[in-house]
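Residue numbers (this note's numbering): 24 to 312.
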(Lines of atoms letter the chains of each structure in order from A and count residues from 1; the text may use other names and numbers.)
(Lines give C-alpha, C1' and ligand atoms only; values in the text may rest on other atoms or scores of the structure.)
Protein backbone atom coordinates (compact mmCIF):
# COMPACT_ATOMS: atom_id res chain seq x y z
CA UNK A 1 0.00 0.00 0.00
CA UNK A 2 1.38 3.35 -1.07
CA UNK A 3 1.49 5.98 1.71
CA UNK A 4 0.62 9.56 0.93
CA UNK A 5 3.14 12.32 1.56
CA UNK A 6 1.17 13.35 4.64
CA UNK A 7 1.20 9.80 6.05
CA UNK A 8 4.92 9.46 5.37
CA UNK A 9 5.54 12.74 7.23
CA UNK A 10 3.56 11.46 10.24
CA UNK A 11 5.46 8.15 10.25
CA UNK A 12 8.77 10.03 10.21
CA UNK A 13 7.62 12.15 13.19
CA UNK A 14 6.66 9.00 15.11
CA UNK A 15 10.04 7.47 14.25
CA UNK A 16 11.97 10.61 15.29
CA UNK A 17 10.06 10.74 18.59
CA UNK A 18 11.02 7.10 19.27
CA UNK A 19 7.37 6.14 19.85
CA UNK A 20 5.96 2.65 19.46
CA UNK A 21 2.68 1.96 17.65
CA UNK A 22 1.20 0.84 20.99
CA UNK A 23 1.98 4.23 22.52
CA UNK A 24 0.44 6.03 19.58
CA UNK A 25 -2.68 3.84 19.75
CA UNK A 26 -3.12 4.35 23.50
CA UNK A 27 -2.84 8.11 23.06
CA UNK A 28 -5.39 7.98 20.26
CA UNK A 29 -7.85 5.95 22.36
CA UNK A 30 -7.42 8.28 25.30
CA UNK A 31 -8.26 11.26 23.13
CA UNK A 32 -11.56 9.76 22.02
CA UNK A 33 -14.74 11.08 23.60
CA UNK A 34 -15.94 8.78 26.38
CA UNK A 35 -19.43 7.38 26.26
CA UNK A 36 -21.90 9.21 28.45
CA UNK A 37 -22.32 7.01 31.51
CA UNK A 38 -25.18 8.09 33.81
CA UNK A 39 -24.13 8.54 37.42
CA UNK A 40 -27.05 6.50 38.75
CA UNK A 41 -26.26 3.56 36.47
CA UNK A 42 -22.61 3.57 37.52
CA UNK A 43 -23.50 3.70 41.22
CA UNK A 44 -25.81 0.68 40.90
CA UNK A 45 -23.05 -1.25 39.14
CA UNK A 46 -20.51 -0.21 41.78
CA UNK A 47 -22.71 -1.37 44.66
CA UNK A 48 -23.10 -4.74 42.93
CA UNK A 49 -19.32 -4.85 42.58
CA UNK A 50 -18.97 -4.32 46.35
CA UNK A 51 -21.41 -7.16 47.04
CA UNK A 52 -19.45 -9.46 44.73
CA UNK A 53 -16.26 -8.42 46.55
CA UNK A 54 -18.01 -9.43 49.80
CA UNK A 55 -17.71 -6.05 51.48
CA UNK A 56 -19.70 -5.86 54.70
CA UNK A 57 -23.43 -4.99 54.50
CA UNK A 58 -22.79 -1.95 56.73
CA UNK A 59 -20.09 -0.63 54.36
CA UNK A 60 -22.33 -1.13 51.31
CA UNK A 61 -25.27 0.61 53.01
CA UNK A 62 -23.06 3.53 54.00
CA UNK A 63 -21.64 3.80 50.48
CA UNK A 64 -25.18 3.73 49.08
CA UNK A 65 -26.22 6.66 51.29
CA UNK A 66 -23.21 8.74 50.21
CA UNK A 67 -23.72 8.00 46.50
CA UNK A 68 -27.43 8.82 46.75
CA UNK A 69 -26.63 12.16 48.38
CA UNK A 70 -24.20 13.12 45.62
CA UNK A 71 -26.60 11.93 42.93
CA UNK A 72 -29.01 14.60 44.17
CA UNK A 73 -26.28 17.23 44.57
CA UNK A 74 -24.88 16.62 41.08
CA UNK A 75 -28.31 16.35 39.44
CA UNK A 76 -27.31 12.95 37.98
CA UNK A 77 -24.78 14.51 35.58
CA UNK A 78 -22.91 12.12 33.30
CA UNK A 79 -19.71 10.86 34.88
CA UNK A 80 -17.44 12.62 32.41
CA UNK A 81 -18.89 15.93 33.64
CA UNK A 82 -17.68 15.26 37.20
CA UNK A 83 -14.67 17.54 37.51
CA UNK A 84 -12.41 18.12 40.49
CA UNK A 85 -13.65 21.70 40.92
CA UNK A 86 -17.31 20.59 40.80
CA UNK A 87 -16.80 17.85 43.39
CA UNK A 88 -14.71 20.02 45.70
CA UNK A 89 -17.39 22.72 45.57
CA UNK A 90 -20.17 20.27 46.43
CA UNK A 91 -18.11 18.79 49.26
CA UNK A 92 -18.25 22.15 51.02
CA UNK A 93 -22.04 21.88 51.26
CA UNK A 94 -22.15 18.46 52.90
CA UNK A 95 -21.67 17.26 56.46
CA UNK A 96 -18.94 14.82 57.47
CA UNK A 97 -17.02 15.68 54.30
CA UNK A 98 -13.84 13.83 55.32
CA UNK A 99 -15.69 10.50 55.42
CA UNK A 100 -17.48 11.22 52.14
CA UNK A 101 -14.27 12.22 50.34
CA UNK A 102 -12.85 8.77 51.08
CA UNK A 103 -16.00 6.99 49.89
CA UNK A 104 -16.31 9.03 46.69
CA UNK A 105 -12.60 8.68 45.92
CA UNK A 106 -13.01 4.89 46.02
CA UNK A 107 -15.98 5.13 43.67
CA UNK A 108 -14.20 7.34 41.12
CA UNK A 109 -11.06 5.17 41.21
CA UNK A 110 -13.29 2.22 40.27
CA UNK A 111 -14.90 4.28 37.47
CA UNK A 112 -11.47 5.14 36.06
CA UNK A 113 -10.46 1.48 36.15
CA UNK A 114 -13.65 0.57 34.28
CA UNK A 115 -12.92 3.21 31.63
CA UNK A 116 -15.99 5.31 32.45
CA UNK A 117 -13.86 8.40 33.12
CA UNK A 118 -10.43 9.42 31.91
CA UNK A 119 -9.11 10.54 35.29
CA UNK A 120 -10.64 10.36 38.75
CA UNK A 121 -11.38 13.75 40.36
CA UNK A 122 -8.90 14.75 43.04
CA UNK A 123 -10.84 14.95 46.30
CA UNK A 124 -7.86 15.28 48.62
CA UNK A 125 -7.43 18.32 50.83
CA UNK A 126 -4.37 19.85 52.43
CA UNK A 127 -3.71 18.10 55.73
CA UNK A 128 -3.62 20.29 58.80
CA UNK A 129 -1.20 19.10 61.46
CA UNK A 130 -2.85 18.79 64.86
CA UNK A 131 -1.53 17.82 68.25
CA UNK A 132 -2.41 14.21 69.10
CA UNK A 133 -5.57 13.87 71.19
CA UNK A 134 -6.11 11.44 74.02
CA UNK A 135 -8.75 8.79 73.39
CA UNK A 136 -12.09 9.85 74.83
CA UNK A 137 -13.50 7.32 77.28
CA UNK A 138 -16.24 7.00 79.90
CA UNK A 139 -15.87 6.81 83.65
CA UNK A 140 -17.34 3.95 85.66
CA UNK A 141 -20.22 6.12 86.94
CA UNK A 142 -21.10 7.13 83.37
CA UNK A 143 -21.10 3.46 82.33
CA UNK A 144 -23.34 2.66 85.28
CA UNK A 145 -25.75 5.41 84.25
CA UNK A 146 -25.91 4.08 80.68
CA UNK A 147 -26.75 0.60 81.96
CA UNK A 148 -29.42 1.89 84.36
CA UNK A 149 -31.15 3.98 81.68
CA UNK A 150 -30.80 1.47 78.85
CA UNK A 151 -34.10 0.14 77.43
CA UNK A 152 -34.47 -3.63 77.51
CA UNK A 153 -34.39 -3.81 73.69
CA UNK A 154 -30.99 -2.06 73.53
CA UNK A 155 -29.19 -3.88 76.37
CA UNK A 156 -27.56 -6.45 74.09
CA UNK A 157 -26.09 -3.80 71.80
CA UNK A 158 -24.87 -1.73 74.75
CA UNK A 159 -23.03 -4.79 76.06
CA UNK A 160 -21.45 -5.50 72.66
CA UNK A 161 -20.12 -1.96 72.32
CA UNK A 162 -19.37 -0.80 75.85
CA UNK A 163 -18.38 -4.05 77.57
CA UNK A 164 -16.99 -6.28 74.80
CA UNK A 165 -15.54 -3.37 72.82
CA UNK A 166 -16.88 -4.27 69.37
CA UNK A 167 -16.68 -1.66 66.66
CA UNK A 168 -20.04 -0.15 65.69
CA UNK A 169 -20.00 -1.92 62.31
CA UNK A 170 -19.21 -5.24 63.99
CA UNK A 171 -21.91 -4.92 66.66
CA UNK A 172 -24.50 -3.99 64.04
CA UNK A 173 -23.88 -7.25 62.13
CA UNK A 174 -25.55 -9.46 64.73
CA UNK A 175 -26.05 -12.23 62.17
CA UNK A 176 -22.25 -12.58 61.99
CA UNK A 177 -21.90 -13.06 65.77
CA UNK A 178 -22.25 -16.31 67.67
CA UNK A 179 -21.73 -17.65 71.18
CA UNK A 180 -19.84 -20.92 71.65
CA UNK A 181 -18.34 -22.42 74.83
CA UNK A 182 -18.35 -19.05 76.65
CA UNK A 183 -16.64 -17.30 73.76
CA UNK A 184 -18.12 -14.57 71.56
CA UNK A 185 -17.09 -15.18 67.95
CA UNK A 186 -17.01 -12.27 65.51
CA UNK A 187 -17.24 -13.62 61.96
CA UNK A 188 -14.64 -12.58 59.39
CA UNK A 189 -17.23 -10.77 57.25
CA UNK A 190 -18.24 -8.58 60.20
CA UNK A 191 -14.73 -7.84 61.48
CA UNK A 192 -12.98 -4.75 60.16
CA UNK A 193 -9.76 -6.72 59.73
CA UNK A 194 -11.62 -9.45 57.78
CA UNK A 195 -10.31 -12.08 60.19
CA UNK A 196 -12.40 -14.17 62.57
CA UNK A 197 -12.04 -13.03 66.19
CA UNK A 198 -12.69 -15.00 69.39
CA UNK A 199 -13.45 -13.05 72.58
CA UNK A 200 -13.57 -14.45 76.10
CA UNK A 201 -16.78 -14.01 78.12
CA UNK A 202 -16.79 -13.40 81.87
CA UNK A 203 -19.29 -14.47 84.53
CA UNK A 204 -22.68 -12.87 83.91
CA UNK A 205 -22.06 -12.08 80.25
CA UNK A 206 -24.32 -14.79 78.85
CA UNK A 207 -27.44 -13.01 80.10
CA UNK A 208 -26.38 -9.97 78.08
CA UNK A 209 -25.79 -12.09 74.99
CA UNK A 210 -29.38 -13.34 75.19
CA UNK A 211 -30.53 -9.74 74.74
CA UNK A 212 -28.61 -9.33 71.45
CA UNK A 213 -30.94 -9.08 68.44
CA UNK A 214 -31.05 -7.16 65.14
CA UNK A 215 -32.27 -3.59 65.57
CA UNK A 216 -32.83 -0.63 63.27
CA UNK A 217 -32.11 3.06 63.93
CA UNK A 218 -29.29 2.22 66.35
CA UNK A 219 -27.67 5.63 66.03
CA UNK A 220 -30.87 7.34 67.13
CA UNK A 221 -31.43 4.81 69.93
CA UNK A 222 -27.95 5.37 71.36
CA UNK A 223 -28.37 9.14 71.09
CA UNK A 224 -31.57 8.90 73.14
CA UNK A 225 -29.79 6.68 75.67
CA UNK A 226 -26.95 9.21 76.00
CA UNK A 227 -29.43 11.98 76.78
CA UNK A 228 -31.38 9.81 79.24
CA UNK A 229 -28.16 8.88 81.05
CA UNK A 230 -27.24 12.56 81.42
CA UNK A 231 -24.04 12.30 79.39
CA UNK A 232 -23.59 15.58 77.55
CA UNK A 233 -20.39 14.82 75.66
CA UNK A 234 -19.80 11.36 74.19
CA UNK A 235 -16.53 11.39 72.21
CA UNK A 236 -16.35 9.37 69.01
CA UNK A 237 -15.75 5.66 69.70
CA UNK A 238 -15.80 6.38 73.45
CA UNK A 239 -17.48 3.04 74.21
CA UNK A 240 -14.83 1.02 72.38
CA UNK A 241 -12.03 3.09 73.94
CA UNK A 242 -13.52 2.48 77.39
CA UNK A 243 -13.76 -1.27 76.84
CA UNK A 244 -10.23 -1.45 75.41
CA UNK A 245 -8.68 0.24 78.44
CA UNK A 246 -10.42 -2.16 80.84
CA UNK A 247 -9.69 -5.34 78.84
CA UNK A 248 -6.02 -4.35 78.70
CA UNK A 249 -6.08 -4.17 82.50
CA UNK A 250 -7.92 -7.49 82.69
CA UNK A 251 -5.50 -9.45 80.52
CA UNK A 252 -2.33 -7.63 81.65
CA UNK A 253 -1.00 -8.78 78.29
CA UNK A 254 -1.04 -6.49 75.26
CA UNK A 255 -0.97 -9.38 72.77
CA UNK A 256 -4.03 -11.08 74.31
CA UNK A 257 -5.93 -7.81 74.58
CA UNK A 258 -5.05 -7.03 70.96
CA UNK A 259 -6.52 -10.35 69.79
CA UNK A 260 -9.69 -9.65 71.78
CA UNK A 261 -10.15 -6.17 70.31
CA UNK A 262 -8.76 -6.64 66.79
CA UNK A 263 -6.03 -4.04 67.37
CA UNK A 264 -2.26 -4.17 67.10
CA UNK A 265 -0.37 -4.48 70.43
CA UNK A 266 1.53 -1.28 69.62
CA UNK A 267 -1.69 0.69 69.21
CA UNK A 268 -3.07 -0.69 72.46
CA UNK A 269 0.07 0.33 74.33
CA UNK A 270 0.12 3.80 72.79
CA UNK A 271 -3.55 4.66 73.39
CA UNK A 272 -4.81 2.63 76.34
CA UNK A 273 -1.92 1.72 78.66
CA UNK A 274 -2.54 3.11 82.18
CA UNK A 275 -5.64 4.98 81.00
CA UNK A 276 -7.63 3.56 83.95
CA UNK A 277 -6.65 1.96 87.25
CA UNK A 278 -7.06 -1.72 88.09
CA UNK A 279 -9.60 -0.78 90.74
CA UNK A 280 -11.68 1.06 88.13
CA UNK A 281 -11.52 -1.97 85.84
CA UNK A 282 -12.74 -4.24 88.64
CA UNK A 283 -15.69 -1.89 89.22
CA UNK A 284 -16.36 -1.74 85.48
CA UNK A 285 -16.59 -5.51 84.99
CA UNK A 286 -18.70 -5.83 88.14
CA UNK A 287 -21.38 -3.76 86.38
CA UNK A 288 -21.96 -6.58 83.89
CA UNK A 289 -22.32 -9.48 86.36
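We put the CB at the ideal spot given by N, CA and C, even for glycine.
Here the structure is a predicted model, which is why all the values come from computation and not from measurement.
For residue 41, three-class secondary structure by DSSP: By 1-based counting over the chain shown, the position of residue 41 is 18. If DSSP states are grouped into helix, strand and coil, residue 41 belongs with coil.
Alpha carbon of residue 222 to alpha carbon of residue 119, nearest angstrom: For the purposes of this step, residue 222 is taken as residue 199 along the chain shown, with counting starting at 1. For the purposes of this step, residue 119 is taken as residue 96 along the chain shown, with counting starting at 1. Distance between the alpha carbons of residue 222 and residue 119: 32 Å.
For residue 170, the first and last residue of its enclosing alpha helix (DSSP H): To locate residue 170, count along the chain shown from 1; it is residue 147. Counting along the chain, residue 170 sits inside the alpha helix (DSSP H) bounded by residues 163–172.
Secondary structure of residue 220, DSSP reduced to three states: Locating residue 220 in the chain shown gives position 197, where the first residue counts as 1. Residue state, collapsed to three classes: strand.
Cβ neighbour criterion (16 or more within 10 Å) applied to residue 272: One-based indexing of the chain shown puts residue 272 at position 249. Residue 272 should be labelled buried.
Outcome for residue 93 when other beta-carbon atoms lying within 10 angstroms are tallied against a minimum of 16: Start at 1 with the first residue of the chain shown, and residue 93 comes out as number 70. In the assembly as shown, residue 93 is a buried residue. Its beta-carbon has 16 or more other beta-carbons within 10 Å.
Buried or exposed (CB count within 10 angstroms, at least 16 for buried), residue 307: As a working note, residue 307 is residue 284 in the chain shown. Buried: at least 16 other Cβ atoms inside 10 Å.
Residue span of the beta strand (DSSP E) that contains residue 202, given as start and end: Counting from one through the chain shown, the residue named residue 202 turns up at place 179. For residue 202, the uninterrupted beta strand (DSSP E) run begins and ends at 200–203, by DSSP.
7 Å CB neighbourhood of residue 312 in its chain, flanking five on each side removed: Translated into the one-based positions of the chain shown, residue 312 becomes position 289. These residues qualify, in order along the chain: 226 and 227.
Distance, residue 261 Cα to residue 87 Cα: Counting from 1 along the chain shown, the entry for residue 87 is found at position 64. Counting from 1 along the chain shown, the entry for residue 261 is found at position 238. Residue 87 and residue 261 have their C-alpha atoms spaced approximately 26 Å apart.
Selection from 270, 253 and 251 that minimises the alpha carbon distance to residue 300: Residue numbering aside, residue 300 sits at position 277 when the chain shown is read from its first letter. When each option's Cα is compared against that of residue 300, the closest is 270.
Inter-residue spacing [alpha-carbon to alpha-carbon] between residue 108 and residue 309: Counted from its first residue, the chain shown places residue 108 at position 85. Counted from its first residue, the chain shown places residue 309 at position 286. Rounded to whole angstroms, residue 108 to residue 309 spans 55 Å at the Cα level.
Nearest-angstrom beta carbon gap, residue 253 and residue 160 [assumed within contact, 8 Å]: Locating residue 160 in the chain shown gives position 137, where the first residue counts as 1. Locating residue 253 in the chain shown gives position 230, where the first residue counts as 1. Contact flag wrong, Cβ pair sits at about 17 Å.
Where the alpha helix (DSSP H) through residue 89 begins and ends: In the chain shown, the residue the question calls residue 89 occupies position 66. DSSP places residue 89 inside the alpha helix (DSSP H), whose first and last residues are 80–96.
Distance CB(residue 265)-CB(residue 235) smaller than 7 Å: Here residue 265 is taken as the residue at index 242 of the chain shown, counted from 1. Here residue 235 is taken as the residue at index 212 of the chain shown, counted from 1. In this structure, residue 235 does not lie closer than 7 Å to residue 265 by Cβ.
Beta-carbon gap between residue 192 and residue 278 smaller than 7 Å: Your numbering for residue 192 matches position 169 in the chain shown. Your numbering for residue 278 matches position 255 in the chain shown. No, Cβ-Cβ distance for residue 192 and residue 278 is not below 7 Å.
Rounded straight-line distance, which links the Cα of residue 45 to that of residue 31: Sequence index remark: in the chain shown, residue 31 carries index 8 (1-based). Sequence index remark: in the chain shown, residue 45 carries index 22 (1-based). When rounded, the distance between both Cα atoms is 18 Å.
Span separating the alpha-carbon of residue 195 from that of residue 173: On the chain shown, residue 195 is found 172 positions in, with the first residue counted as 1. On the chain shown, residue 173 is found 150 positions in, with the first residue counted as 1. Here the C-alpha atom of residue 195 lies approximately 17 Å from the C-alpha atom of residue 173.
Host beta strand (DSSP E) of residue 209 (start-end): Counting from one through the chain shown, the residue named residue 209 turns up at place 186. Per DSSP, the continuous beta strand (DSSP E) segment holding residue 209 begins and ends at 206–209.
Contact under 7 Å by Cβ, residue 132 with residue 125: Translated into positions along the chain shown, residue 132 becomes position 109. Translated into positions along the chain shown, residue 125 becomes position 102. Cβ atoms of residue 132 and residue 125: not closer than 7 Å.
Bridge-paired residues (DSSP) for residue 101: On the chain shown, residue 101 is found 78 positions in, with the first residue counted as 1. Note: residue 101 is bridge-paired with 61 in the DSSP secondary-structure output.
Chain D within 7 Å of residue 262, Cβ atoms only: Absent from the structure: chain D. Only one protein chain is present.
7 Å Cβ shell around residue 268 - same chain, five flanking residues per side excluded: Along the chain shown, one-based indexing puts residue 268 at 245. Correct list, in chain order: 160, 295, 298 and 299.
Whole-Å CB distance - residue 263 paired with residue 178, under 8 Å assumed: Residue 263 sits at position 240 when you count from the first residue of the chain shown. Residue 178 sits at position 155 when you count from the first residue of the chain shown. The beta-carbon distance between residue 263 and residue 178, rounded to whole angstroms, is 18 Å. This is too long to meet the 8 Å contact definition.
Pairwise C-alpha distance: residue 42 and residue 209: Numbered from its first residue, the chain shown carries residue 209 at position 186. Numbered from its first residue, the chain shown carries residue 42 at position 19. Each residue's alpha carbon lies about 55 Å from the other.
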